[in-house]
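S.K.: Heads up: the sequence shown begins at 115 in this note's numbering, then just goes up one per residue.
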Amino acid sequence: MKIIMLGAPGAGKGTQAKMIAEKYQIPHISTGDIFRANIKNGTELGKEAKKYMDQGLLVPDELTVKILLDRVAQPDCENGYVLDGFPRTIPQAQVLDDALTGMGDAIDYAINVDVPDENIVKRMSGRRACLSCGATYHIEHVPPKQEGICDVCGQPLVLRDDDKPETVLNRLKVYHDQTQPLIEIYSAKGVLRTVDGTVDMKDVFAAITAILD
Ligand code: ADP
Ligand code: AMP
């Protein structure tokens, strides 16, 4: 099963993608996580990506598409995957579509997690991330057992630079300009399913599994 998660930054794509990956035993692929791992390891890709990420801008398609296509070519992706944060532009969607069509394949579902802008800034300022293992928390909704420490790997949690309110507003603008048009594209292909992302995360997941099962 090949799934795309769509939705504004902070809508809960990553939260749901991790649960989908576990239930359906497919890899969770987050381009944001791949970039953050590269930044942490000081790679050239990480240095280049950081320039854009810190401003709330998208990393250029040339860089992003290559890392995604390399990742989905790995053997663990044979039975499908859940893409979180890709595609984010029309050219990215076209490249993915062409690559899949070339293999006689296609995306099965594009799940649009719908959360209005008003809720987003609040969610993002409460998000805490582990840059070591990629786990995500929320200071009110999903607090770690010990404040500021990752439950999974014991590393310190951080407020991502790009989750600060001024950057979140830029990211929302970029989302509306460049990513939201993808909703129409996947709707036209007949694979779009929209779920209400404002409810409790367990209820969001129940709505998603009702679609996928
Ligand atoms: P995205 O991957 O779309 O950027 P995340 O999955 O990281 O979003 O979620 C953003 C923040 O909101 C996180 O701190 C997460 O714990 C929290 N969150 C996710 N889903 C919900 C929900 N349904 N209700 C409340 N908070 C949520
Ligand atoms: P995320 O973790 O999905 O919120 O992504 C964090 C940041 O990484 C985004 O704001 C972008 O700067 C960059 N990024 C992640 N995925 C993409 C993508 N598909 N295209 C361009 N930039 C991306």
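Where a beta carbon is used, it is the ideal one built from N, C-alpha and C, also for glycine.
1) May I ask you to report which of helix, strand or coil DSSP gives T215?
2) Could you tell me the distance, in whole angstroms, from the CA atom of H255 to the CA atom of R237?
3) Can you give me the start and stop residues for the beta strand (DSSP E) that Y300 sits inside?
4) Return the bridge partner residues of G250 from the DSSP annotation.
5) Residues in its own chain within less than 6 angstroms of R274 by CB, not counting five upstream and five downstream?
6) Please say whether A220 and L296 have beta carbons closer to each other than 8 angstroms?
7) For I253 versus V196, is the C-beta distance shorter than 8 angstroms?
8) Does ligand 2 have even one heavy atom less than 7 angstroms from the beta-carbon of R237?
9) How about D277 and S239: are their beta carbons less than 8 angstroms apart?
10) Comparing C-alpha positions only, which one of Y166, N284, R241 sits nearest to L271?
11) With respect to 7 angstroms, is the separation between the Cβ of T250 and the closest non-hydrogen atom of ligand 2 below this value?
12) Under three-state DSSP, which class holds N193?
13) Can we count D276 as close to ligand 2, meaning its CB is less than 7 angstroms from some heavy atom?
14) What do you reckon, are the CB atoms on A224 and V305 nearer than 8 angstroms?
15) Between N226 and K127, what straight-line distance do the alpha-carbon atoms span, to the nearest angstrom?
16) Thinking just about the alpha-carbon of each residue, which of D314, E280, I117, M315 is nearest to the one in C191?
M.R.: Taking the geometry as given:
1) Collapsing the DSSP output to three states places T215 in a helix.
2) Each residue's Cα considered, the two are about 9 angstroms apart.
3) First-last for Y300: 295-302, but that is the alpha helix (DSSP H), not the beta strand (DSSP E).
4) Per the sequence shown, residue 250 should be read as Thr rather than Gly. Answer is A243, bridged to T250.
5) So the list reads A243, once near-sequence residues are dropped.
6) For L296 and A220, no; Cβs fall outside 8 angstroms.
7) No, Cβ-Cβ distance for I253 and V196 is not below 8 angstroms.
8) R237 Cβ: outside cutoff for every heavy atom of ligand 2.
9) In this structure, D277 places its C-beta atom within 8 angstroms of the C-beta atom of S239.
10) The shortest CA-to-CA distance from L271 to any of Y166, N284, R241 is the one to R241.
11) Answer for T250: no, Cβ out of range of ligand 2.
12) In the three-state DSSP reduction, N193 falls in the coil class, being neither helix nor strand.
13) D276: yes, Cβ under 7 angstroms from ligand 2.
14) Contact annotation: A224 and V305 have beta-carbon atoms nearer than 8 angstroms.
15) Annotation: N226 to K127 spans about 9 angstroms, alpha carbon to alpha carbon.
16) Of D314, E280, I117, M315, the residue nearest in Cα terms is I117.
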